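In UniProt numbering, the protein residues as written are 1 to 589. Think of the CB as a built atom: it goes at the ideal place given N, C-alpha and C, for glycine as much as any other residue. Bear in mind the structure is a predicted one, so any value in this text is a computation, not a measurement. The block underneath contains the structure these notes are about, expressed in structure tokens.
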Amino acid sequence: HYCEYKKTATSGVVLAPSQLGKWSIVFCDEINLPDEDKYGTQRVIAFLRQCIEHGGFYRTSDHTWIRLERIQFVGACNPPTDPGRKPLTHRFLRHCPLVYVDYPGEISLKQIYGTFNRAMLKKFNNIKSFADALTNAMVEFFLLTQEQFTVDQQPHYVYSPREMTRWVRGINEAIRHVQSLNGEELVRLWAHEALRLFHDRLIYDYERQWTEKAIDDIAAKHFSNVDLNTALKRPILFSDWLAGHYASIDEDELRQHIQGRLKTYYEEEVGIQLVLFNQVLDQVLRIDRVFRQPQGHLLLIGLSGTGKATLCRFVSWLNQIDFFQLKVHNKYTAADFDDDLRQLLRRSGCKGEKIVFLLDESNVMDSSFLERMNTLLANGEVPGLFEGDEYSALLNLCKEGAQRQGLMLDSNDELYKWFTIQVMRNLHVVFTMNPSANGLRDRASTSPALFNRCVLDWLGDWSLDAYYHVASELTQNIDIQKADYVAPKTLTRLVAGLPVEPSYRDVMNNAFVFVHQSLHKLNDTLRKKGSTTKTIVITPSHFLDAIQHFIKITVEKRTEIEETRQHLIVGLDKIHETVVQVEQLQASL
């Protein structure tokens with residue numbers, strides 16, 4: 001679209017920019033990601049070196065030499081020491097001046113984000129003086145977290161200034177429609193956004209505790225004139241579902257609201273059951289926060305059965321956003337994936353439909369899937385996806401869409417730019433993955449945009465209380481009570497929700513959790529001893545399957561007992577009728 005082929009009398013076929021006198025810059029992002037072949041050659045880099053050294057390339061379709069004019073190459077990449085990166089050859093690097101760009105330092109970060117914060121708070125006369133304290137607190141917490149958690153510990157512990165930008169953008173999105181704001185509300189919002197960006201990706205409880213303590217300590221240092229007991233009271237939950245604007249909400253009020261909406265959801269989405277417990281409420285708000293933001297993309301990492309797809313579907317429904325998931329089959333190819341992408345981009349870019357696109361790692365049938373998604377996340381487009389007649393048809397749809405917004409865009413460049421902006425505004429991509437250490441490291445090395453462009457949310461596993469709550473919800477409709485049951489004194493109490501004098505049902509649900517937890521411990525023991533070469537993964541799916549099988553067997557056995565009982569009753573009735581008839585016959589004789 002930017003360059004065209006021309007036949008010349010002296011130079012043969014020339015590829016040059018469409019506009020005379022203009023240069024075209026080919027920007028090659030992540031240039032050191034391509035793998036080497038068995039001969040140690042990066043073919044893409046070899047092709048670029050040929051274009052630079054010889055000023056052209058051979059077109060394979062007709063074996064014609066194509067000479068390049070007014071085309072310049074610019075590349076960008078992470079250092080070769082980062083995971084998944086390959087060192088570029090000296091034969092290629094000798095043609096390229098190298099510029100090393102590091103992350104901004106503390107002074108630069110304060111200058112950059114201080115400017116944003118002052119502009120953001122200037123409309124609030126009572127707290128505009130908080131801008132410097134807010135900036136210092138953000139920068140200090142960011143640098144402290146960046147030092148504490150590194151990619152050497154976990155591949156997804158990637159902290160870049162993008163987190164700072166998301167932090168500022170999140171606060172700005174929350175307060176831009178608010179007319180009044182006090183210091184406590186600002187600090188609470190600051191802490192909430194910090195938790196969502198830095199706390200939610202952490203794996204272990206001690207890491208989360210460290211983060212929460214760091215937030216409290218830094219808040220006490222920089223916001224001494226604020227009532228921190230009010231500002232940092234846990235849990236810190238924000239939503240626009242109750243107040244009409246993004247504000248702090250009460251957990252019980254949120255639960256009541258979600259339960260009310262679930263009744264309607266069950267009527268529309270048959271066959272889906274969602275059990276509400278504190279962890280689910282928290283996850284619902286985390287996902288909702290991402291969907292509220294432009295270019296809000298999410299990487300959900302959790303075990304199978306934790307409800308990653310179900311939660312995303314429910315939050316999409318709550319926000320009236322269309323939900324799209326690939327229908328993959330054994331013959332699904334990259335061409336099919338391109339067709340699905342075209343459909344999604346037309347709907348979100350041309351028609352202005354808000355869409356959540358969920359892509360599970362099991363749906364990635366080919367490496368090209370992630371290559372396309374990397375580009376889509378970074379630029380809002382996939383180069384080469386629309387070509388020829390499809391590109392012309394796309395521009396016509398874009399023109400109609402722009403006119404509906406009152407825009408008169410004439411040139412193809414303007415229309416395509418409008419299209420990419422619409423895609424970035426309306427399309428939310430959600431990647432779901434299992435927390436396999438090797439799998440995460442491989443994804444981090446081959447798909448950097450997953451970790452750079454997405455908000456990370458570690459679902460991990462459910463808590464023991466969550467398991468007990470789920471078991472209680474699923475078994476509440478089956479008749480398993482015993483009126484005179486007394487729990488044994490040796491009962492192992494795993495959850496805080498177990499009553500002091502538990503019923504038979506309570507003890508049974510506790511037993512489900514106990515068995516599941518015992519398998520976890522046994523699995524860890526076997527792994528530490530190295531007695532098994534294959535990792536046994538115990539997931540919430542196994543827990544749910546166990547309960548469903550128990551319910552099924554219980555219902556079947558109760559049905560059998562009831563049928564036997566009815567059979568005996570019928571038999572007794574027949575005996576009773578026979579006795580009556582015999583007595584009547586004896587009396588008549």
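If distances are taken between C-alpha atoms only, which option among the options comes closest to residue i?
i, options, result
"N172", "K122, P34, Y39", "K122"
"L427", "V537, L298, L456, G406", "L298"
"I480", "V151, D506, E253", "D506"
"E185", "E30, T375, Y246, H199", "Y246"
"D205", "T333, V44, D461", "D461"
"L276", "R292, L377, E269, Q259", "Q259"
"F451", "A466, V429, S463, D465", "V429"
"Q422", "R453, L345, L474", "L345"
"A133", "V187, L144, L522", "V187"
"G349", "W317, A402, T333", "A402"
"H177", "R261, E140, A219, D240", "D240"
"I31", "K22, D37, K38, Q42", "Q42"
"K221", "F141, V570, I112", "F141"
"G352", "N523, I321, T375", "I321"
"V315", "Q295, V382, F357", "F357"
"R261", "V99, L318, P97, Q209", "L318"
Return the first residue and the last residue of the beta strand (DSSP E) that residue i is part of.
i, result
"I321", "Element bounds for I321: n/a, residue is neither H nor E."
"G384", "Premise fails: G384 is in no beta strand (DSSP E) and is neither H nor E."
"V226", "Looking at the DSSP string, V226 is not in any beta strand (DSSP E), and its letter there is neither H nor E."
"L299", "298 to 302"
"F431", "427 to 433"
If you run the structure through DSSP and keep just helix, strand and coil, what is residue i?
i, result
"V328", "coil"
"F277", "coil"
"G21", "coil"
"M508", "helix"
"S463", "coil"
"S447", "coil"
"W418", "helix"
"H469", "helix"
"I218", "helix"
"F124", "coil"
"T10", "coil"
"E4", "strand"
"A487", "coil"
"C350", "helix"
"S248", "strand"
"C28", "strand"
"D524", "helix"
"V455", "strand"
"L15", "strand"
"K529", "helix"
"Y39", "coil"
"L498", "coil"
"I287", "helix"
"R292", "coil"
"D479", "coil"
Starting from residue i, trace the alpha helix (DSSP H) both ways and give me its first and last residue.
i, result
"H90", "90 to 93"
"I52", "43 to 54"
"V582", "540 to 588"
"T306", "Element bounds for T306: n/a, residue is neither H nor E."
"L237", "Counting along the chain, L237 falls outside any alpha helix (DSSP H), and DSSP gives it neither H nor E."
"Y266", "251 to 268"
"D338", "334 to 345"
Check your understanding: Can we say the region 88 to 97 touches the region 108 to 119, given the rule of at least three CB pairs closer than 8 Å?
Key -> With the cut-off at 8 Å, the region 88 to 97 and the region 108 to 119 do not touch.
Review point. Do three or more CB pairs link the region 455 to 472 to the region 397 to 413 at distances below 8 Å?
Key: no
Review point. What are the start and end residues of each continuous alpha helix (DSSP H) run of 4 or more residues lying completely inside the region 128 to 206, in chain order?
Key: 131 to 148, 161 to 175, 183 to 194
Check your understanding: If you pair each beta-carbon of the region 226 to 236 with each one of the region 159 to 170, do three or more pairs fall below 8 Å?
Key -> No, they do not touch.
Check your understanding: How do the region 162 to 170 and the region 181 to 197 stand: do at least 3 beta-carbon pairs fall below 8 Å, yes or no?
Key -> yes
Exercise for review: Report yes or no: do the region 19 to 35 and the region 66 to 74 share at least 3 C-beta pairs separated by less than 8 Å?
Suggested key: yes
Practice item. List in chain order: all unbroken beta strand (DSSP E) runs of 3+ residues lying wholly within the region 58 to 111. Key: The region 58 to 111 is shown to contain whole beta strand (DSSP E) runs of 3 or more residues at 64 to 68, 71 to 76, in chain order.
Check your understanding: Is there contact between the region 101 to 115 and the region 45 to 64, where contact requires at least three CB pairs shorter than 8 Å?
Key -> Not touching, per the Cβ criterion.
Review point. Three or more C-beta pairs closer than 8 Å, one from the region 289 to 306 and one from the region 534 to 547: is that the case here?
Key: Contact between the region 289 to 306 and the region 534 to 547 is present, because at least three Cβ pairs lie under 8 Å.
Check your understanding: So does the region 494 to 504 actually touch the region 541 to 555, counting three or more Cβ pairs closer than 8 Å?
Key -> no
Review point. Which whole runs of the alpha helix (DSSP H) in the region 354 to 410 are 4 residues long or more, in chain order?
Key: 367 to 379, 389 to 404
**Study point:** Three-pair Cβ contact test at 8 Å for the region 280 to 297 versus the region 408 to 417
**Key:** No contact exists between the region 280 to 297 and the region 408 to 417.
Check your understanding: Does the region 92 to 99 come close enough to the region 41 to 51 that 3 or more CB-CB pairs lie under 8 Å?
Key -> yes
Point to revise | At least three beta-carbon pairs within less than 8 Å, the region 209 to 218 to the region 132 to 152 | key: yes
Check your understanding: Okay, do the region 331 to 343 and the region 364 to 379 touch, 3+ Cβ pairs below 8 Å being the bar?
Key -> yes
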